[in-house]
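Each residue of the sequence shown is one higher than the last, beginning at 133 in the numbering used here. To start, the structure under review is shown below, and the notes come after it.
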Amino acid sequence: MQEDCINYAKNALVNVLEVIDGEKIVIFCDKSREKIGWYFACAGIDIGCWVRLVMLSDGEIRSSVPSNVKEIINSSSVDLYINVLRGIAEETPFRIMLTKMETRRRVRLAHCPGITEDMFTMGAMSLSDEEYKRMQFFAQHLISRLNGAVEVEVVSPSGTNIRFSVKKRDFFTDTKINWKTLKWLNLPVGEVIVAPVETSMNGVLVCTTAVGGIGRVKRVRLVVKNGKVVEIDGDEKEKIERIRKALNIDEMASYAGEFAFGINPKARVVDEFLETEKVYGTCHIAFGNNLDFPGGRNWSKNHMDFLIDKPTVRVRMGNGDVYEVMVDGRYADIDWKNG
Numbered sequence: 133m134q135e136d137c138i139n140y141a142k143n144a145l146v147n148v149l150e151v152i153d154g155e156k157i158v159i160f161c162d163k164s165r166e167k168i169g170w171y172f173a174c175a176g177i178d179i180g181c182w183v184r185l186v187m188l189s190d191g192e193i194r195s196s197v198p199s200n201v202k203e204i205i206n207s208s209s210v211d212l213y214i215n216v217l218r219g220i221a222e223e224t225p226f227r228i229m230l231t232k233m234e235t236r237r238r239v240r241l242a243h244c245p246g247i248t249e250d251m252f253t254m255g256a257m258s259l260s261d262e263e264y265k266r267m268q269f270f271a272q273h274l275i276s277r278l279n280g281a282v283e284v285e286v287v288s289p290s291g292t293n294i295r296f297s298v299k300k301r302d303f304f305t306d307t308k309i310n311w312k313t314l315k316w317l318n319l320p321v322g323e324v325i326v327a328p329v330e331t332s333m334n335g336v337l338v339c340t341t342a343v344g345g346i347g348r349v350k351r352v353r354l355v356v357k358n359g360k361v362v363e364i365d366g367d368e369k370e371k372i373e374r375i376r377k378a379l380n381i382d383e384m385a386s387y388a389g390e391f392a393f394g395i396n397p398k399a400r401v402v403d404e405f406l407e408t409e410k411v412y413g414t415c416h417i418a419f420g421n422n423l424d425f426p427g428g429r430n431w432s433k434n435h436m437d438f439l440i441d442k443p444t445v446r447v448r449m450g451n452g453d454v455y456e457v458m459v460d461g462r463y464a465d466i467d468w469k470n471g
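Written out as structure tokens, the structure reads:
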């Protein structure tokens, strides 16, 4: 099993990040995820890379980047950083600070908040070379269909009914490194993403599956007006209070930041949103930071995602044409997972 996990880590490094022999990799790894750090380290060594694995203490909630990590980033010349971290919502500001620090130079970054070992054994990381290639092809096909979109509407059986502008905002994918932008990405991968116009979102979002940094939820209902969450309610008081606190961490935390399609055929609904958001046939909306997305202008210290299950997604193009991208969680014109 350990050998399989190392091979899956290697598949991600080669197919997504295009790592080659001779490159330098630094891995920042929480103590609680040490085994995963070693998977990536062994994968890098197997490719022929120089690898440094840096273990981090993850006892208390972190609000700033540790001094030893700052020193390593400031003094190192590397090709790739990999962050193997826990994914709790309260540490989102810390993780945003870390990624900003790592990407001040032109360097690749694989950011893995909440990654777990079972993602390698039975989940979204357990992809073969061929499965990566097929997913990348599907992502590019979907992006080509979305080029020229100006507005998106999302409805779902649970009650979501929301629309927003994507005018002059480019869709992109996390399934392969973009050498032009060097946009950092999460592992596991499996999304086609856009930054909505931040003040354009209006309607109701109902999440009955999972929330980023929170985990699984029974029901969360958000009312959004001019891009801002103005009302929050739900069935689990403690989780609703955590969501409310996160969306009020600063003045932009409650404004629209992301819309994305899930396209990973092996992703599952699990406690860690890092995998759940990639579930094939779902989509999600996030509020908060999107400065690293094309056109993104939301500078919040936070970023919180809400999964929408069985969505129907309609897109209006610049010429006025409207077409359905998804119907009840099934891609309308090409569905490579279900045939």
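Ideal Cβ positions, reconstructed from N, Cα and C, are used throughout, including at glycine. Here the structure is a predicted model, which means the values were calculated and not measured.
Taking residue 218 as the centre and dropping the five residues before and after it, the same chain places the C-beta of 162, 164, 165, 190, 245 and 246 closer than 8 Å to its C-beta, in chain order. For residue 305, the secondary structure class from DSSP, reduced to helix, strand or coil, is strand.
Runs of the alpha helix (DSSP H) lying entirely within the stretch 238 to 296, each at least 4 residues long, are 250 to 253 and 261 to 278 in chain order.
For residue 314, the three-state secondary structure derived from DSSP is coil. In summary, residue 289 is exposed, with fewer than 16 beta-carbon neighbours lying within 10 Å of its beta-carbon over all protein chains present.
For residue 227, the three-state secondary structure derived from DSSP is helix. Ranked by how close their Cα comes to the Cα of residue 319, the residues 421, 380, 226 and 410 have 410 in first place. One thing to note: residue 388 has its Cβ within 7 Å of the Cβ of residue 330. Residue 152 sits in coil when the DSSP states are folded into three classes, being neither helix nor strand. In the three-state scheme derived from DSSP, where H, G and I count as helix and E and B as strand, residue 169 is classed as helix. Just so you know, the alpha carbons of residue 274 and residue 362 end up roughly 32 Å apart. By the Cβ criterion, the stretch 330 to 342 is in contact with the stretch 292 to 309, since at least three pairs of Cβ atoms, one from each stretch, lie closer than 8 Å. Segment contact: the stretch 430 to 449 against the stretch 337 to 354, three or more CB-CB distances shorter than 8 Å; contact assigned.
Within a 10 Å sphere around the beta-carbon of residue 142 sit 16 or more other beta-carbons, which makes this residue buried. Contact between residue 368 and residue 343 does not hold, since the beta-carbon distance rounds to 10 Å and is not under 8 Å. Here DSSP, grouped into helix, strand and coil, assigns residue 418 to strand. DSSP, reduced to helix, strand and coil, places residue 327 outside both helices and strands of the structure shown, so it counts as coil.
For residue 150, the closest alpha carbon among the candidates 136, 264, 255 and 252 is that of 264. The criterion of a C-beta distance shorter than 7 Å is not satisfied by residue 181 and residue 220. A distance of 7 Å or more separates the beta carbons of residue 283 and residue 429.
With contacts defined by Cβ atoms closer than 7 Å, residue 171 and residue 205 do not form a contacting pair.
Nearest C-alpha to residue 160 among 417, 286, 233 and 152: 233. In terms of Cβ geometry, residue 153 and residue 179 form a close pair [threshold 7 Å].
Judged by DSSP secondary structure, residue 213 falls outside any alpha helix (DSSP H) and instead within the beta strand (DSSP E) spanning 212 to 217. Between residue 167 and residue 249, the beta carbon gap of about 6 Å places them in contact (Cβ cut-off 8 Å). According to the DSSP assignment, residue 369 belongs to no beta strand (DSSP E) but to the alpha helix (DSSP H) extending over 369 to 378.
Counting along the chain, residue 145 sits inside the alpha helix (DSSP H) bounded by residues 134 to 147.
For residue 456, the number of other beta carbons within 10 angstroms of its own is below 16, and it is reported as exposed.
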